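For the sequence shown, position 61 (counting from the first letter as 1) is numbered 61 according to this note's numbering, and the numbering increases by one without interruption. Here is the structure we will look at.
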Amino acid sequence: MPSITNEKMRQLVNKYEQNVIEIRRDIHMHPELSFQEKRTSELVASKLEELGIEVRSGIGKTGVIGILKGSRPGKTLALRADMDALPLDEENDLPFKSVNAGVMHACGHDCHTANLLGVAMILSEIKNELCGTIKFIFQPAEENGGGGREMVKEGALKNPDVDAIFGLHVKQMPLGTIEVGHGNIMAYSDRFILRVKGKQAHTSNPQQGVDSIVISANIITALQSIISRQIDPLETATFSVGQINGGTAPNIVPDLVEMVGMIRSMSKNTREIIKNNIEKIAKSVAEGMSGECEFIFKEGYPAVFNNKEMADYVKELAIERCQDIKDDLDLQLPPEFDLKELVRITDKPSLGAEDFGFYSLEVPACFFYVGAGNQAPVHSPKFMVDERMFKVSLNLLSSVAVKFLNQNSITI
Ligand SMILES: [Zn+2]
Ligand SMILES: [Zn+2]
């Protein structure tokens, strides 16, 4: 089936861009926390219905899935956006500033949701020229709670079975740039709790107690050897004790300390080594000092794995569109600038986490970044995007979908 020309795609992007910006501003003004995205998911469902797209709501609590069929048989492609906001007070002075106190779209999920609705508008208009099926996955709770896990558990990748999935994230990078990599691009991220138990005593008689603070200090020191002595130096991993609480008064030997930390690792094997060693060392140190230690492991998000073939779809299309991106955004670049440099190939994974990892565990996937300007970074109360980025994100995600589906048509 012939593909959509670059020119046609640019026309479609121009046609829907303003609508997408309006939707984004509406969502930005009414942010909702993880698993509370009621208004947002209703808005998404109604926009999809307006397009005549089959809608399934209430998946993973507040998730929404739209299913669009092309005119010929083919593969099923999923495109994913996240809908939730963060517990922050917005410090931007905008006409569409958050009206919900203490809640703000500071990670750009308003943009991801609006963008995917825009892609749904574009692909609906050209559905007669598409092979296969597109699943638009709007998930809740990326920030807190693993909405992606719930969506997968509730069958988001089944019926029809998804052959590949793409997702994107806005990033504090120059407008017009795109970043993509393959392999593990983000880390496993898990939480652990260490509960150190001792025995209370008066500090004038420490021999009558078991000091949980002294034990904890020794545990923290002993844990530092895990990365340097248990992990292959060529592997990437880190962990930190980020919270420590214990004691009630300066003159009491405390009987309880609780420490909470995060482990970030690039492979399942490294994750296991760190997890097992934290438990072993913490328990042995505590026992050796006459105390006890309870270890609790809270599994978080799996690493995001970009399949090479899927990442190449994004990379090749992005490189192909560099001239259009420059023209559409009116980028002022020095004459010697090689336009291909707008596409950054990540060779360095990030130890950040994303629950897109739950999808990339199941099907070939690619998660990429679109430059949203150089304003404040994500998770900041001043986070802001340059909305001209929609020209890039709408075009690229729609083009990736068209290319994937039409290259994988099924002849009958
Ligand atoms: Zn975030
Ligand atoms: Zn995010």
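Beta carbons: idealized from backbone N, C-alpha and C, even for Gly. The model shown is predicted, which means the values in this text are computed figures rather than measured ones.
{"Asked": "Closer than 6 Å by C-beta to E387: which residues in its own chain qualify, once you throw out the five before and the five after it? Chain order, please.", "Found": "I21"}
{"Asked": "Round the Cβ separation of I274 and I263 to the nearest angstrom and send it over; I've been treating them as touching at under 8 Å.", "Found": "5 Å"}
{"Asked": "Helix, strand or coil: which one does DSSP assign to N245?", "Found": "strand"}
{"Asked": "Give a yes or no on whether the C-beta atoms belonging to I137 and A164 are separated by under 8 Å.", "Found": "no"}
{"Asked": "List the endpoints of the continuous alpha helix (DSSP H) containing V402.", "Found": "390-407"}
{"Asked": "Indicate whether at least one CB of chain B lies closer than 8 Å to the CB of Q207.", "Found": "In summary, chain B is missing from the structure at hand, where a single protein chain is found."}
{"Asked": "CB-CB under 8 Å to L333, same chain, minus the five flanking residues each way: which ones, in chain order?", "Found": "K326, L339"}
{"Asked": "Is F228 helix, strand or coil when you go by DSSP?", "Found": "A small fix is needed here, since residue 228 is Ser in this sequence, not Phe. Looking at S228 - three-state DSSP - the assignment turns out to be helix."}
{"Asked": "Just to confirm before moving on: does the CB-CB distance between L256 and I219 stay below 8 Å?", "Found": "no"}
{"Asked": "Taking buried to mean at least 16 other C-beta atoms within 10 Å of its own C-beta, is E287 buried or exposed?", "Found": "exposed"}
{"Asked": "With H, G and I counted as helix, E and B as strand and the rest as coil, what does DSSP make of D413?", "Found": "A query on residue 413 cannot be resolved here, the shown segment of the chain reaching from 1 to 412 and no further."}
{"Asked": "Compute the minimum distance between the beta carbon of C111 and the heavy atoms of ligand 1, and state whether it is under 7 Å.", "Found": "no"}
{"Asked": "Quick one: what's got a C-beta closer than 8 Å to V103's C-beta in the same chain, skipping five residues either side?", "Found": "P31, E32, L33, A85, L86, P87, L88"}
{"Asked": "Got a sec: does ligand 1 put a non-hydrogen atom nearer than 7 Å to the Cβ of V385?", "Found": "no"}
{"Asked": "Report yes if the C-beta distance between E54 and I67 is below 8 Å; otherwise report no.", "Found": "yes"}
{"Asked": "Please confirm whether any heavy atom of ligand 1 lies closer than 7 Å to the CB of H379.", "Found": "yes"}
{"Asked": "Starting from the Cα of V214, find the closest Cα among Q200, S225, I227 and give me that residue.", "Found": "Q200"}
{"Asked": "Can you tell me the Cα-Cα spacing of P160 and N14, whole angstroms?", "Found": "31 Å"}
{"Asked": "Any heavy atom of ligand 1 within a distance shorter than 7 Å of the CB on E143?", "Found": "yes"}
{"Asked": "With distance defined between alpha-carbon atoms, name the residue in L394, N307, K403, M9 nearest to L117.", "Found": "L394"}
{"Asked": "Please return the same chain residues whose Cβ sits closer than 8 Å to the Cβ of F367, not counting the five positions on each side in sequence.", "Found": "F166, G167, L168, H169, I185, M186, V304, N306, E354, F356, S360"}
{"Asked": "Let me make sure I understand the geometry here. Which of K135, S409, G198, I122 has the alpha-carbon closest to that of I65?", "Found": "K135"}
{"Asked": "With a threshold of 7 Å, establish whether the CB of H105 neighbours any heavy atom of ligand 2.", "Found": "no"}
{"Asked": "Within the segment 82-161, note down every full alpha helix (DSSP H) run reaching 4 residues or more, in order along the chain.", "Found": "109-125, 147-153"}
{"Asked": "Should H169 be counted as a contact of ligand 2 given a C-beta to heavy atom distance under 7 Å?", "Found": "yes"}
{"Asked": "Mind checking whether F297 and D211 have CB atoms under 8 Å apart?", "Found": "no"}
{"Asked": "Which same chain residues, not among the five before or five after H182, have their C-beta less than 6 Å away from its C-beta?", "Found": "N306, K308, A311"}
{"Asked": "DSSP three-state label for E235, please.", "Found": "coil"}
{"Asked": "Where are the beta strand (DSSP E) runs, 3 residues long or more, that stay fully inside the segment 316-346, in chain order?", "Found": "343-346"}
{"Asked": "Please report the residue range of the alpha helix (DSSP H) in which I219 lies.", "Found": "212-223"}
{"Asked": "For ligand 2, is there any heavy atom lying closer than 7 Å to the beta carbon of G108?", "Found": "yes"}
{"Asked": "Out of K382, V314, F383, E125, which has the shortest C-alpha to C-alpha gap to Y369?", "Found": "V314"}
{"Asked": "Looking at E355 and ligand 2, is the gap between the Cβ and the nearest heavy atom below 7 Å?", "Found": "The question names Glu, yet the displayed sequence has Asp at residue 355. False, no ligand heavy atom lies under 7 Å from that Cβ."}
{"Asked": "Among residues of its own chain, excluding the 5 on either side of M29, which ones have a beta-carbon nearer than 6 Å to its beta-carbon?", "Found": "F96, V99"}
{"Asked": "Does DSSP put I273 in a helix, in a strand, or in coil?", "Found": "helix"}
{"Asked": "Could you pull out every unbroken beta strand (DSSP E) segment of at least 3 residues lying fully inside the segment 168-200, listed in chain order?", "Found": "178-181, 183-186, 188-197"}
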